[in-house]
Amino acid sequence: MDGDFTEAISLLWCATGAPNTDMDTGTGADPEASRGADMDAAARDAAPLDGAPGDAAYDAAYSDAAAREAALRIMAPTTTGPRTVLPSAFDVTGLATGAVAAATRAVAELHAARSGAPVPPTAVDSREACAAFASERLFRPTGWTLPPLREELTGDYAAADGWIRLHTNYAHHRTAVERVLGARTREDVEQAVSSLPAEELERRIVEAGGAAAVMRDRVDWLASPAGRAASAEPPVRIEAQPVSGEPRWVWRGESASARSGRRGDTGDPGDPGIAGRSRAAFGGAAPPLAGVRVLDLTRVIAGPVCTAVLAAYGAEVLRIDPPGFAEVPSLLPLTTRGKRSAFLDLSDSDDRGVFEGLLSEADVLICGLRPDALGRLGYDDAALESRHPALTVARLDAYGWEGPWSLRRGFDSLVQMSCGIAADGAAAAAGAAAAPYAAAGTAAATGAAPRGGRPVPLPVQALDHASGWLLAAAVVRALTRRLADSTVSRIRASLVGTAELLYALPSPRPNGSGRAADLAAVPLLAVDLAPESATAAIAPDLEPVATAWGPALQAPMPGLIDGIRAGGEGDRRRDGREQAGPLGRHAAVWG
């Protein structure tokens, strides 16, 4: 039986919508109430059906809670597939389906805004959404091989007083662990960790430039300065300000014939605007994001997922890395698809000049580096706003943008350890109630997770993938607002913000426990999707794809707009996409 995803979709849609006006939580206000108020504003101000923010009819329709709830149910895409696909104490299936639905709906609305056509219908299958969230593990090379997803030392370790996770997929992070522990093999690391207090080891590794996280329960996390700061932030912060002129991507994305019928082809105020454009069916030669240039400064999974979604719907994405940068090799088929990739050394004056030129012609900058990384190179928020006022800037980090951990290195699995997810998973696996999520509907927890129980993470890297899809939705909705009210957006998201959204979703089971016995009966997406597994057999068919390394099978792009899948049958651009391949294989120029 197909499941009801309305509540999950509504929550995630609201999270990616309206610009935040005043989210100062330093006045003692309840962070849950602040987030709820932000959700209300987002639902009212940024979920157009037959209008757009600022239209009188639109504003009236979204002026009260009852109308908002009805509208959200109407705008929700058609959903198919089981309500629970991925087994977990958390609603991972709802998170995946809702995040994909939010981005798919956002693209449909941008298509309508650009073409003058009605918003086309959208649909999401929960199995395909969950397959996309497991895409790095479902990728199947044909006639060639990929290295393991995880480096040898990456994993969970029992310390003297708890559990700690070490992340060593990057060579410099492994070096930090080896330097702190004086150990190089898995066995030696296990022995060294076992005699040390977990929090002391976490501190030493982080100070050495490494990445590690102690397993904390939810209560401890929310009581910590880092947890309080993270829980007080909106999951996606959007700040919009006025900007003059029509965006350049409108002109790049339109055909010569479409432009010829318009007045003021240099931005004449007499231009008829989007209402005067031809009505185009979805799936035509010009995709929804045609002409949009995206400069991609992201790593690992979340940011590259965002830019891959934008590329799938027609954006020109150029990824920039420093020369010789070694991305996790097993992730490259996921993180480079649909994009071009170039090397630039921003400490070199010539390469910096090239980067400046790229920025001057970009429409969107997406950065997944730590908050201080670009600032050290002279590209902090103030500098970008001053030099490139029409540039939509979207930034993603691990532990949020406020508080003592805002600059901390982090990854999906580490955030799960820090914020209580792994501990609550352990409690559920042990048969204890993790938290009364369904009753509370908020980020509450009992703190019942046994400190000695082995961490039980989510069945997929859900924080990474959901953050990527939600950031893509926020970027596309910002582009739609750019047309509707001539504003440019600055967007900030975080993995820990997505974790807060996951805690806000009701539990997938009435008692909120997710007991191991219950999980065994859940209809699975995969025969084997255990966290340490590298193999799986999924229900949705894998699709053939060409890569620079050779042919392969991959999870299909989830989400349908007007019955058409990006890159699938009916998409005229399916054969013109950039293949996944090694980093730095293209020139640092726009196409």
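The sequence shown begins at 627 in the working numbering and counts up one residue at a time.
Glycine included, each C-beta is placed from N, C-alpha and C at the ideal position.
Predicted model, so just to flag it, every value in this text is computed and none were measured.
query: S986 burial status per 10 Å Cβ neighbour count (16 or more: buried); result: exposed
query: Expected contact under 8 Å - CB spacing of L1096 and T1113 to nearest Å; result: Not quite, the Cβ-Cβ distance comes to about 20 Å (not below 8 Å), so this is no contact.
query: D947 (DSSP reduced to helix, strand or coil); result: strand
query: Three-state secondary structure (DSSP) of P746; result: coil
query: Contact belief for D782 with R1080 at Cβ below 8 Å, rounded distance in angstroms; result: 7 Å
query: When R1108, V876, A722 are compared against E865, the one with the closest alpha-carbon; result: R1108
query: Whole beta strand (DSSP E) elements within the segment 707-742, 3-residue minimum; result: none
query: Backbone CA spacing between L807 and E816 [nearest angstrom]; result: 10 Å
query: 8 Å Cβ shell around L1040 - same chain, five flanking residues per side excluded; result: R791, H793, A837, A838, A839, A1024
query: Short Cβ contact (8 Å threshold) for V862 with T642; result: yes
query: Candidates S1133, A1110, G1210, of which the one nearest G742 by Cα; result: A1110
query: Through-space distance from A1016 to S714, alpha-carbon basis; result: 42 Å
query: Cβ separation of A1178 and P767, assumed to be a contact under 8 Å, to the nearest whole Å; result: 5 Å
query: Proximal residues to S1120 (C-beta, below 6 Å), its chain only, five neighbours per side dropped; result: D1023, G1026
query: For V931 and A614, the rounded distance between their alpha carbons; result: Any question about residue 614 goes unanswered here, given that the chain covers just 627 to 1217.
query: DSSP three-state assignment for D989, whether helix, strand or coil; result: coil
query: For A1172, the first and last residue of its enclosing beta strand (DSSP E); result: 1169-1172
query: Straight-line gap, A834 to R1034 (C-alpha atoms, nearest Å); result: 12 Å
query: For F765 and L584, believed in contact at Cβ under 8 Å, the rounded distance; result: In this structure the chain extends from 627 to 1217, so residue 584 is not present and cannot be described.
query: Helix, strand or coil at L936 [DSSP, three-state]; result: helix
query: Distance, A855 Cα to A824 Cα; result: 22 Å
query: Beta carbon of L1128 nearer than 8 Å to that of L638; result: no
query: DSSP-derived helix/strand/coil call for V969; result: Per the sequence presented here, residue 969 reads as Phe, with Val not at that position. Strand.
query: Residues that G781 bridges to, as DSSP identifies them; result: L792
query: Coarse secondary structure for L960, derived from DSSP in three states; result: helix
query: Span of the beta strand (DSSP E), counted from its first residue to its last, around D1089; result: Residue identity check: residue 1089 is Leu in the sequence provided, not Asp. Per DSSP, L1089 belongs to no beta strand (DSSP E); it is in the alpha helix (DSSP H), 1088-1111.
query: Integer-rounded CB distance, given that C993 should sit under 8 Å from W847; result: With a Cβ gap of about 26 Å, W847 and C993 do not count as contacting.
query: Residue closest to P1029, alpha-carbon to alpha-carbon, out of G853, S636, R763; result: In the sequence under discussion, the amino acid at residue 1029 is Gly, which differs from the Pro named in the question. Minimum Cα distance to G1029 is reached at G853.
query: Reduced DSSP category for Q1205 - H, G, I as helix; E, B as strand; rest coil; result: coil
query: Minimum C-alpha distance to E762 - residue among P955, S752, G707; result: P955
query: When L827, S752, R753, A802 are compared against D787, the one with the closest alpha-carbon; result: L827
query: Enclosing alpha helix (DSSP H) for R1002 [first to last residue]; result: 999-1002
query: Bridge partner(s) assigned by DSSP for T705; result: V750
query: S842 classed as buried or exposed, judged by whether at least 16 other C-beta atoms fall within 10 angstroms; result: Checking the sequence shown, residue 842 turns out to be Arg, not Ser. Burial call: buried.
query: Same chain, Cβ closer than 7 Å to W1031, neighbours up to 5 away in sequence not counted; result: A852, Y1025
query: Beta-carbon proximity check, G1176 vs D947, cutoff 8 Å; result: no
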